[in-house]
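**Q** Chains as they are written, first to last, in our numbering: chain S, 239 to 548; chain Z, 239 to 548.
For every residue, glycine included, the Cβ atom is placed at its ideal position computed from N, Cα and C.
#1: Using beta-carbon positions only, say whether residue 520/Z and residue 440/Z come within less than 8 Å of one another.
#2: Which stretch, first to last residue, makes up the alpha helix (DSSP H) that contains residue 504/S?
#3: Could you give the DSSP three-state label for residue 276/S: helix, strand or coil?
#4: Mark residue 536/Z as exposed unless 16 or more other C-beta atoms lie within 10 angstroms of its C-beta, in which case mark it buried.
#5: Using 8 Å as the limit for Cβ to Cβ distance, is residue 239/S near chain Z?
#6: Cβ atoms of residue 256/S and residue 395/S: under 8 Å apart, would you say?
#7: With a threshold of 8 Å, are at least 3 pairs of Cβ atoms found where one atom belongs to the stretch 339 to 349 of chain S and the other to the stretch 302 to 311 of chain S?
#8: Within the 8 Å Cβ cut-off, does residue 490/S reach chain Z?
#9: Would residue 322/S count as contacting chain A if we go by Cβ distances under 8 Å?
#10: Taking the straight line between their C-alpha atoms, what separation do you get for residue 559/S and residue 354/Z?
#11: At the 8 Å Cβ level, is residue 521/Z part of the contact set with chain S, yes or no?
#12: When DSSP labels each residue in this structure, what does residue 299/Z get in the three-state scheme?
#13: Can you tell which of 518/Z, 498/Z, 428/Z has its C-alpha closest to the C-alpha of residue 486/Z?
#14: Which residues does DSSP list as the beta-bridge partners of residue 532/S?
#15: Go through its chain and collect everything with a Cβ distance to residue 302/Z's Cβ below 6 Å, but skip five positions before and after it.
#16: Mind checking if residue 340/S is an interface residue toward chain Z, Cβ cutoff 8 Å exclusive?
#17: Quick one: which chain S residues come within Cβ less than 8 Å of residue 282/Z?
#18: Could you tell me whether the Cβ atoms of residue 374/Z and residue 285/Z are closer together than 8 Å?
#19: Does the Cβ of residue 358/Z lie closer than 7 Å to at least one heavy atom of the ligand ATP?
#20: Residue 324/S lies in the beta strand (DSSP E); which residues open and close that run?
#21: Mind checking whether residue 489/S and residue 403/S have CB atoms under 8 Å apart?
#22: Return no unless some Cβ of chain S is closer than 8 Å to the Cβ of residue 313/Z.
#23: In the DSSP assignment, find the alpha helix (DSSP H) that holds residue 390/Z and state where it starts and stops.
#24: Just grab the DSSP bridge partners of residue 395/Z for me.
#25: Report all residues from its chain with a CB closer than 6 Å to the CB of residue 539/Z; omit the five preceding and five following residues, and keep chain order.
#26: Which residues, taken in chain order from the stretch 363 to 375 of chain Z, show a beta carbon closer than 9 Å to some beta carbon of chain S?
#27: List in chain order: all unbroken beta strand (DSSP E) runs of 3+ residues lying wholly within the stretch 445 to 495 of chain S.
#28: Could you tell me how far apart the beta carbons of residue 365/S and residue 292/Z are, in whole angstroms, since I believe they sit closer than 8 Å?
#29: Rounded to a whole number of angstroms, what is the C-alpha to C-alpha distance between residue 532/Z and residue 481/Z?
#30: Taking the alpha-carbon positions, what's the residue 473/S to residue 496/S distance?
#31: Which residues mark the beginning and the end of the alpha helix (DSSP H) in which residue 343/S is found?
#32: Is residue 372/Z closer than 8 Å to residue 329/Z when the C-beta atoms are compared?
#33: What are the start and end residues of the beta strand (DSSP E) that includes residue 376/Z?
#34: At a Cβ threshold of 8 Å, is residue 475/Z touching chain S?
#35: Going by C-alpha to C-alpha distance, which of 260/S, 408/S, 281/S, 314/S sits closest to residue 491/S?
#36: For chain S, find out if any of its Cβ atoms is closer than 8 Å to the Cβ of residue 430/Z; answer yes or no.
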């Protein structure tokens with residue numbers, strides 16, 4: 239408990255959240271959170287919503303996983319900027335039918351935050367008809383990584399192995415149980431914050447986290463940098479049991495795609511972080527778009543990841 | 239337009255928002271917003287959701303008013319901390335039935351932001367079944383105003399005249415049209431940011447913005463400061479056509495209630511800001527609660543403001 243609160247049912251629920259968060263929460267109880275001054279760094283801020291039946295379905299995930307995923311998605315945006323997290327603010331629209339799951343949702347949020355050394359700085363709790371968890375993540379970066387920094391001649395790299403979330407959603411939708419590895423990548427994505435800072439220190443020129451899908455997100459980089467990007471499908475790192483084309487279209491991965499003017503030390507990256515860093519393509523002159531090549535022949539890009547209910 | 243975006247329907251909608259926001263938006267287009275370093279000040283951050291049928295009803299307000307109110311409510315939390323706004327992040331869950339109103343919602347958000355010299359720094363757009371607008375407001379304060387600073391012997395002051403929002407909601411609920419003045423206070427509350435900074439410079443000890451109702455919010459101050467607060471009902475400034483008891487219970491006012499060890503220059507305040515500053519009570523020794531006195535006799539407190547659907 240970090241504050242004295244007034245009596246009343248709403249505050250009882252806030253107290254329950256604070257009890258669950260414990261030392262993962264800081265400074266809650268005023269109208270706003272107060273953070274220390276950020277010295278010699280830019281402040282980086284993002285906001286992201288997870289909505290029932292848009293971003294997740296109740297029968298697919300546990301309440302803790304739903305909370306975790308919502309916070310991890312926002313924290314991943316900080317990784318995309320090579321920022322170090324300061325903390326998160328949480329706004330939860332909680333229907334009565336979810337009331338009994340509130341503690342577990344809070345647990346999941348706390349797990350994502352503490353996994354990234356971020357505090358839960360404050361929040362807002364509303365009634366409503368559908369569960370919606372909105373997380374604002376605040377971070378600090380000396381040189382924030384932008385989408386607009388890719389230059390002709392740069393290499394394209396991606397972290398980890400892609401395709402798990404798409405395979406899990408496909409299985410869920412067909413009424414099957416996804417493979418454990420695929421489900422894990424969907425239910426428990428890991429914001430690549432330490433990896434992003436290491437990559438930024440290695441001099442990468444642009445970066446993005448993969449939320450819409452590798453090709454779709456590289457299209458954001460191509461548009462922002464006004465460059466053409468070619469991706470070699472045969473180099474796209476796919477998780478076991480998923481084709482490289484499906485991997486290139488899989489969204490909500492929260493892996494990083496980056497551009498670099500010099501070759502990156504992929505072995506050192508793997509040694510440090512226990513996941514792969516794979517070179518998958520080049521930045522080229524031409525119209526601002528992504529071309530997917532299968533052994534030199536152009537293939538149709540996978541459509542950008544569509545959230546399953548769209 | 240502040241960025242180059244990929245083609246696609248979702249991005250068309252984002253473009254519409256950016257067109258509406260124009261110069262009120264800054265730095266949108268990356269995974270997160272980048273703010274300048276805040277020097278010699280603490281960072282203050284808050285988050286607040288406005289949910290259809292909880293915080294507003296579609297037939298009561300225009301889409302622009304709904305957007306305005308959502309942003310004003312979050313910005314008012316910065317006023318409660320005596321912080322100067324840096325900007326806001328917006329997360330909108332937009333059902334298809336609201337798609338045609340999206341520009342007007344964006345207009346309302348921009349109006350609230352620009353009225354407080356805040357930029358729209360970024361956002362997130364989701365599908366969903368009910369409109370929910372979540373705003374994270376970021377600000378800077380040299381000495382953030384807390385709820386916990388009230389001391390025995392302090393005076394209690396409140397800005398403006400209370401009761402408009404409660405009267406408007408009462409009229410709406412009974413199927414009547416609220417009086418223009420009451421409706422205006424409900425539809426278009428004004429975050430008291432400049433007023434808060436003036437009050438902080440005048441040496442006030444604690445502050446809060448009135449979202450739950452004067453008495454209910456002063457109970458937060460009493461609890462956080464561990465003091466007793468007495469409020470003289472006959473001094474509570476009520477808007478025309480509203481009783482002082484109803485004024486003391488009216489929520490979503492976004493006026494400020496503050497405590498001060500010395501008398502404040504209420505005439506100077508009124509001259510500067512065109513609204514009243516009224517002394518309404520005292521901080522006293524005793525149990526952490528608020529006592530409402532009607533010419534010296536204790537009266538039952540109005541219940542804390544209940545959002546109309548609860």
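**A** Judging by the given coordinates:
#1: The sequence position of residue 520/Z within the second chain is 282, counting from 1. The sequence position of residue 440/Z within the second chain is 202, counting from 1. For residue 520/Z and residue 440/Z, no; Cβs fall outside 8 Å.
#2: On the first chain, residue 504/S is found 266 positions in, with the first residue counted as 1. First-last of the alpha helix (DSSP H) with residue 504/S: 504 to 511.
#3: Here residue 276/S refers to the residue found at position 38 of the first chain. Residue 276/S falls in the coil class under three-state DSSP.
#4: As a working note, residue 536/Z is residue 298 in the second chain. Under this definition residue 536/Z is an exposed residue.
#5: Position 1 of the first chain holds residue 239/S. Its pLDDT being 27, under 50, residue 239/S is placed unreliably in this model, and the coordinates cannot settle the point.
#6: Here residue 395/S refers to the residue found at position 157 of the first chain. Here residue 256/S refers to the residue found at position 18 of the first chain. Against a cut-off of 8 Å, the Cβ pair of residue 256/S and residue 395/S comes out as no contact.
#7: yes
#8: Along the first chain, one-based indexing puts residue 490/S at 252. No, its Cβ sits nowhere closer than 8 Å to a Cβ of chain Z.
#9: Considering every chain present, this structure includes no chain A. Its protein chains are S and Z.
#10: Within the shown structure, residues of chain S are numbered from 239 to 548, placing residue 559/S beyond reach of any answer.
#11: As a working mapping, residue 521/Z is identified with position 283 in the second chain. Answer no: the Cβ-Cβ gap between residue 521/Z and chain S never drops below 8 Å.
#12: One-based indexing of the second chain puts residue 299/Z at position 61. Three-state result, residue 299/Z: coil.
#13: Here residue 486/Z is taken as the residue at index 248 of the second chain, counted from 1. Residue 486/Z has its Cα closest to that of 518/Z, out of 518/Z, 498/Z, 428/Z.
#14: Locating residue 532/S in the first chain gives position 294, where the first residue counts as 1. Bridge partners of residue 532/S: 535/S.
#15: By 1-based counting over the second chain, the position of residue 302/Z is 64. Same-chain partners within the cutoff: 342, 345, 346.
#16: Here residue 340/S refers to the residue found at position 102 when the first chain is read from its first residue. Cβ-Cβ to chain Z under 8 Å: no for residue 340/S.
#17: Here residue 282/Z refers to the residue found at position 44 of the second chain. Result: 270, 271, 272, 273.
#18: Taking the first residue of the second chain as 1, we reach residue 374/Z at position 136. Taking the first residue of the second chain as 1, we reach residue 285/Z at position 47. Cβ atoms of residue 374/Z and residue 285/Z: closer than 8 Å.
#19: No copy of the ligand ATP occurs in the structure displayed, which carries no ligand at all.
#20: By 1-based counting over the first chain, the position of residue 324/S is 86. Taken as a continuous stretch (DSSP letters only), the beta strand (DSSP E) holding residue 324/S covers 322 to 331.
#21: Taking the first chain and counting its residues from 1, the one referred to as residue 489/S is at position 251. Taking the first chain and counting its residues from 1, the one referred to as residue 403/S is at position 165. Closer than 8 Å, so yes.
#22: Reading the second chain from its first residue, position 75 is the one you call residue 313/Z. No, no contact with chain S.
#23: Sequence index remark: in the second chain, residue 390/Z carries index 152 (1-based). That residue, residue 390/Z, is in no alpha helix (DSSP H); it is neither H nor E in DSSP.
#24: To locate residue 395/Z, count along the second chain from 1; it is residue 157. Partner(s): 496/Z, 517/Z.
#25: Your numbering for residue 539/Z matches position 301 in the second chain. Answer for residue 539/Z: 453, 530, listed in chain order.
#26: 363, 364, 365, 366, 367, 368, 370, 372, 373, 374, 375
#27: 466 to 470
#28: Mapped onto the first chain, residue 365/S falls at position 127. Mapped onto the second chain, residue 292/Z falls at position 54. Contact holds; Cβ gap of about 5 Å.
#29: The residue you call residue 532/Z lines up with position 294 of the second chain. The residue you call residue 481/Z lines up with position 243 of the second chain. If I take the Cα positions, the gap works out to 12 Å.
#30: On the first chain, residue 473/S is found 235 positions in, with the first residue counted as 1. On the first chain, residue 496/S is found 258 positions in, with the first residue counted as 1. Distance between the alpha carbons of residue 473/S and residue 496/S is about 15 Å.
#31: Your numbering for residue 343/S matches position 105 in the first chain. Element bounds for residue 343/S: 340 to 353.
#32: The residue given as residue 329/Z occupies position 91 in the second chain. The residue given as residue 372/Z occupies position 134 in the second chain. In this structure, residue 372/Z lies closer than 8 Å to residue 329/Z by Cβ.
#33: In the second chain, counting from the first residue as 1, residue 376/Z sits at position 138. 370 to 379 is the extent of the beta strand (DSSP E) around residue 376/Z.
#34: The residue given as residue 475/Z occupies position 237 in the second chain. No, its Cβ sits nowhere closer than 8 Å to a Cβ of chain S.
#35: The count along the first chain starts at 1 and reaches residue 491/S at position 253. Taking only the C-alpha atoms, the option nearest residue 491/S is 314/S.
#36: As a working note, residue 430/Z is residue 192 in the second chain. With 8 Å as the cut-off, residue 430/Z does not count as an interface residue toward chain S.
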